[in-house]
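**Q**
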Amino acid sequence: MVDYRKTDLIVFGAGPAGLAATIAARSHGIGVKLIEIGPRLEARSRYQAAHLASGVGGAGLYSDGKFSYWPSATALWSLPDETRLRNSYNWFCGITQGLINPPPFPQHPGAPRTISALTQKHYESERTTFKARHHLISTLQEALASSLVPEATVREISLAGQGVAASVETAAGVIDIEARGAVMAGGRFGGLKPLGLITNIPSVFRRYEFGLRILTTARDFPFRDSSDIDPKLLLRNTDHEWRTFCTIREGEVSETDFLGLVSYSGRADVAPTHFSNFGFNVRITKEPPLGSLMDDAARRVLDGRVETFQAGLPEYLAGRIAGYDSPIDTMLREGLERLLDFLGESGDDMVVIGPCIEGIGYYPKLDSNLRVPDCAVWAAGDNTGLFRGLTAAFVSGHYVGDLAGDFLSGASTSN
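Following numbering that gives the first Met the number 0, the numbering of the sequence shown begins with 0 at its first residue and continues without gaps.
1) In terms of DSSP beta bridges, what is THR417 paired with?
2) Is the beta carbon of ALA74 closer than 8 angstroms to that of LEU385?
3) Would the beta-carbon of GLY278 fall within 8 angstroms of that of CYS355?
4) Can you give me the start and stop residues for the alpha helix (DSSP H) that MET330 sits inside?
5) Would you mind stating whether ALA296 and LEU147 have Cβ atoms separated by less than 8 angstroms?
6) Within this structure, are the beta carbons of SER408 and LEU369 separated by less than 8 angstroms?
7) Going residue by residue through the region 127-189, where are the continuous alpha helix (DSSP H) segments of at least 4 residues, counting only ones entirely within it?
8) Which first and last residues belong to the alpha helix (DSSP H) in which GLY353 is found?
9) Considering only residues of the same chain and omitting the five flanking positions on each side of PHE91, which have a CB-CB separation below 6 angstroms?
10) Look up ALA317 in the DSSP assignment and say whether it is helix, strand or coil.
11) Terminal residues of the continuous beta strand (DSSP E) containing TYR207?
12) Select from THR390, TYR398, VAL399 the residue whose C-alpha is nearest the C-alpha of THR95.
13) Can you tell me where the beta strand (DSSP E) with ASP63 in it begins and where it stops?
14) Taking the straight line between their C-alpha atoms, what separation do you get for ALA110 and GLY172?
15) Taking buried to mean at least 16 other C-beta atoms within 10 Å of its own C-beta, is MET0 buried or exposed?
16) Kindly identify the DSSP beta-bridge partner or partners of GLN96.
17) Check this for me: beta carbons of VAL182 and LEU338, under 8 angstroms apart or not?
18) On the criterion of 16 or more Cβ atoms from any shown chain inside 10 Å, does ARG218 qualify as buried, or is it exposed?
19) Less than 8 angstroms between the C-beta atoms of GLY184 and ASN382, yes or no?
20) When we look at the beta-carbon of GLN140 and count the other beta-carbons within 10 Å, is it buried (16 or more) or exposed?
21) Identify the continuous beta strand (DSSP E) that holds ILE378 and give its terminal residues.
22) For LEU78, which residues from the same chain have a beta carbon less than 8 angstroms from its beta carbon, with the 5 sequence-adjacent residues on both sides left out?
23) Let's test the definition: count the other Cβ atoms within 10 Å of the Cβ of THR215 and tell me whether it reaches 16, buried, or not, exposed.
24) Where does THR237 sit, in a helix, a strand or coil, going by DSSP?
25) How would you write the range of the alpha helix (DSSP H) that ILE34 sits in, first residue to last?
26) Does the contact criterion of 3 or more C-beta pairs under 8 angstroms hold for the region 47-54 versus the region 153-161?
27) Please determine, among ALA23, HIS121, LYS32, the residue with the shortest C-alpha to C-alpha distance to PRO70.
28) With distances taken from CA atoms, which of GLY57, GLU41, TYR361 is nearest ASP256?
29) Which one of ASP175, PHE274, TRP241 has the shortest CA to CA distance from PHE222?
30) Spatial neighbours of ASP348 within its chain, please: CB distance less than 6 angstroms, with the 5 preceding and 5 following residues excluded, ordered by chain position.
31) Between which two residues does the beta strand (DSSP E) carrying ILE283 extend?
32) Once DSSP output is grouped into helix, strand and coil, what is the label at THR73?
33) Which residue comes first and which comes last in the beta strand (DSSP E) that contains TYR398?
34) What is the DSSP secondary structure of VAL261, counted as helix, strand or coil?
35) So, VAL180 versus PHE11, is the Cβ gap smaller than 8 angstroms?
36) For GLU240, count neighbouring C-beta atoms within 10 Å of its own C-beta (all shown protein chains included) and say buried if the count is 16 or more, exposed if not.
What follows is the structure in structure tokens.
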């Protein structure tokens, strides 16, 4: 039996961006359904790979636990409605009071600098405990209980006029939901599903980003003495760049599974392991021609056809171990050689683990206010392809939820 419901707004994804969007939209008195493919917060387990990638709280629940501030997530601070952005940042500061100490809103964010040589990008960050993040998400989940539909698999989405119609499968049966608007907040894989089910949403190439977790003993960790919580080294080439990502001291490398797509991330809030790790990614910023070696290699990764791998860094650099297909491996090896030279490290005691996926290529085409042109659909957080991280997810989610609430509150439909 199919249950039919009508509402004002559907939010896809109950990670930080989706939770924030739902809070902001509901403050306008409109009806919202919050659809989450994973379980409720209390049902998630760090020992289940699928729960590390989805569930209420998103992938950030089990992560490095890091909140980063300007100039991290540079594009966030360039959103055009500064008053709304400030209000969203103030909301974020309010819900995290007592957990973290965010700095004041940046006065003059300015334009991002050009990266032409191996440089370090400095920005303020602070870590939170798993207990603190769990408490924050639990509070938001409780506040949104009437909107939340967990363990719900989106089977079909279509644009209906300016609105959206979705068919969602739950343990209780199929729910067909018609709404006047939608927010896509599905995290870094949200562009694959459910957004990938909407064939008539315009998309744009932003970046592929694939990489490795690099593991070594805590004693020999190259960033052991860095004063930055998350040292960020960047090097740009003509059509791609390399970057370190998500530094984990005395933590672990975690396997995550998003609908069968297995990849690896770093996690900090565990008992000391005597091992540290960091991510090293190649970001491909130029769209590869259809059918090219790079296009085929990227599609194999995103289709889940790249097997998981682990090897000594010297073996990987020498080409004795294949991780990805050749174009991606070649780029990663070139970048790793440059990184090791910069750090003055041999890499002999390091281990590489993969695949790691941080950019899926194509993202929704958005205007400057994160709205899809000519329809009432917005995107937030990692789902935009424009920025990532916990701070950006909460703030951008609230920003677009407030925009959607403004737009839809003129003629609200019951929830």
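We treat Cβ as the ideally placed atom computed from N, Cα and C, and that holds for glycine. Computed from a predicted model, the values in this text were never measured in an experiment.
**A** Taking the geometry as given:
1) Residue 417 lies beyond the stretch modelled for the chain, which goes from 0 to 414, so this question has no answer here.
2) For the purposes of this step, residue 385 is taken as the residue at position 386 of the sequence shown. For the purposes of this step, residue 74 is taken as the residue at position 75 of the sequence shown. Cβ atoms of LEU385 and ALA74: closer than 8 angstroms.
3) Counted from its first residue, the sequence shown places residue 278 at position 279. Counted from its first residue, the sequence shown places residue 355 at position 356. Yes, the Cβ-Cβ distance between GLY278 and CYS355 is below 8 angstroms.
4) Numbered from its first residue, the sequence shown carries residue 330 at position 331. It spans 325-342 - the alpha helix (DSSP H) in which MET330 sits, taken as one unbroken run.
5) The count along the sequence shown starts at 1 and reaches residue 296 at position 297. The count along the sequence shown starts at 1 and reaches residue 147 at position 148. In this structure, LEU147 does not lie closer than 8 angstroms to ALA296 by Cβ.
6) For this step, residue 408 is matched to residue 409 along the sequence shown. For this step, residue 369 is matched to residue 370 along the sequence shown. The answer is no: Cβ separation not under 8 angstroms.
7) 129-142
8) As a working mapping, residue 353 is identified with position 354 in the sequence shown. Here GLY353 belongs to no alpha helix (DSSP H); instead the beta strand (DSSP E) covers 350-363.
9) The residue given as residue 91 occupies position 92 in the sequence shown. Counting only Cβ-Cβ distances below 6 angstroms, and skipping sequence neighbours, we find PHE393, VAL394.
10) The residue you call residue 317 lines up with position 318 of the sequence shown. In this structure, ALA317 counts as coil in the three-state DSSP scheme.
11) Here residue 207 refers to the residue found at position 208 of the sequence shown. From DSSP, the beta strand (DSSP E) with TYR207 extends over 202-216.
12) Mapped onto the sequence shown, residue 95 falls at position 96. With distances taken between Cα atoms, THR95 lies closest to THR390.
13) For the purposes of this step, residue 63 is taken as residue 64 along the sequence shown, with counting starting at 1. Counting along the chain, ASP63 falls outside any beta strand (DSSP E), and DSSP gives it neither H nor E.
14) By one-based count along the sequence shown, residue 110 stands at place 111. By one-based count along the sequence shown, residue 172 stands at place 173. Confidence at ALA110 is low in this model, with a pLDDT of 48, below 50, so its placement is unreliable and no value can be given for it.
15) For the purposes of this step, residue 0 is identified with residue 1 of the sequence shown, where counting begins at 1. Since pLDDT at MET0 reaches only 49, below the 50 mark, its modelled position is unreliable, and no value is offered.
16) Within the sequence shown, the letter at position 97 stands for residue 96. For GLN96, which the question treats as bridged, DSSP gives the partners ILE99.
17) As a working note, residue 182 is residue 183 in the sequence shown. As a working note, residue 338 is residue 339 in the sequence shown. Cβ atoms of VAL182 and LEU338: not closer than 8 angstroms.
18) For the purposes of this step, residue 218 is taken as the residue at position 219 of the sequence shown. Per the 10 Å Cβ criterion, exposed.
19) Numbered from 1 along the sequence shown, position 185 holds the residue referred to as residue 184. Numbered from 1 along the sequence shown, position 383 holds the residue referred to as residue 382. Here residue 184 is Ala; the residue named in the question, Gly, does not match the sequence. Taking 8 angstroms as the Cβ cut-off, ALA184 and ASN382 qualify as a contacting pair.
20) Within the sequence shown, the letter at position 141 stands for residue 140. Buried is the call here.
21) As a working note, residue 378 is residue 379 in the sequence shown. Position check: residue 378 holds Ala in this sequence, whereas Ile was assumed. Element bounds for ALA378: 376-378.
22) By one-based count along the sequence shown, residue 78 stands at place 79. So the qualifying residues of the chain are LEU84, SER367, ASN368, LEU369, SER395, TYR398.
23) Your numbering for residue 215 matches position 216 in the sequence shown. With 16 or more Cβ atoms within 10 Å of its Cβ, THR215 is classed as buried.
24) The residue given as residue 237 occupies position 238 in the sequence shown. Per DSSP, reduced to three states, the secondary structure at THR237 is coil, with no helix or strand assignment.
25) The sequence position of residue 34 within the sequence shown is 35, counting from 1. Looking at the DSSP string, ILE34 is not in any alpha helix (DSSP H); the run it does join, the beta strand (DSSP E), is 31-34.
26) no
27) Within the sequence shown, numbered from 1, the residue matching residue 70 stands at position 71. Looking at the Cα atoms, HIS121 is the closest of the given residues.
28) Counting from one through the sequence shown, the residue named residue 256 turns up at place 257. Considering only alpha carbons, the answer is GLY57.
29) The residue labelled residue 222 in the question sits at position 223 within the sequence shown. Nearest of ASP175, PHE274, TRP241 to PHE222, Cα basis: PHE274.
30) What you label residue 348 is simply residue 349 of the sequence shown in a count that begins at 1. Excluding sequence neighbours, ASP348 sits near THR215, ASP219.
31) Walking along the sequence shown from the start, residue 283 turns up at place 284. It spans 274-283 - the beta strand (DSSP E) in which ILE283 sits, taken as one unbroken run.
32) Position 74 of the sequence shown, counted from the first residue, corresponds to residue 73. Of the three classes helix, strand and coil, the one that applies to THR73 here is helix, per DSSP.
33) Your numbering for residue 398 matches position 399 in the sequence shown. Per DSSP, TYR398 belongs to no beta strand (DSSP E); it is in the alpha helix (DSSP H), 389-407.
34) Taking the sequence shown and counting its residues from 1, the one referred to as residue 261 is at position 262. In this structure, VAL261 counts as strand in the three-state DSSP scheme.
35) Within the sequence shown, residue 180 is the residue found at index 181, counting from 1. Within the sequence shown, residue 11 is the residue found at index 12, counting from 1. The residue asked about is misnamed: residue 180 is Gly in this sequence, not Val. Not a contact, by the Cβ cut-off of 8 angstroms.
36) Residue mapping note: residue 240 aligns to position 241 of the sequence shown, counting from 1. It is buried - the Cβ of GLU240 has at least 16 other Cβ atoms within 10 Å.
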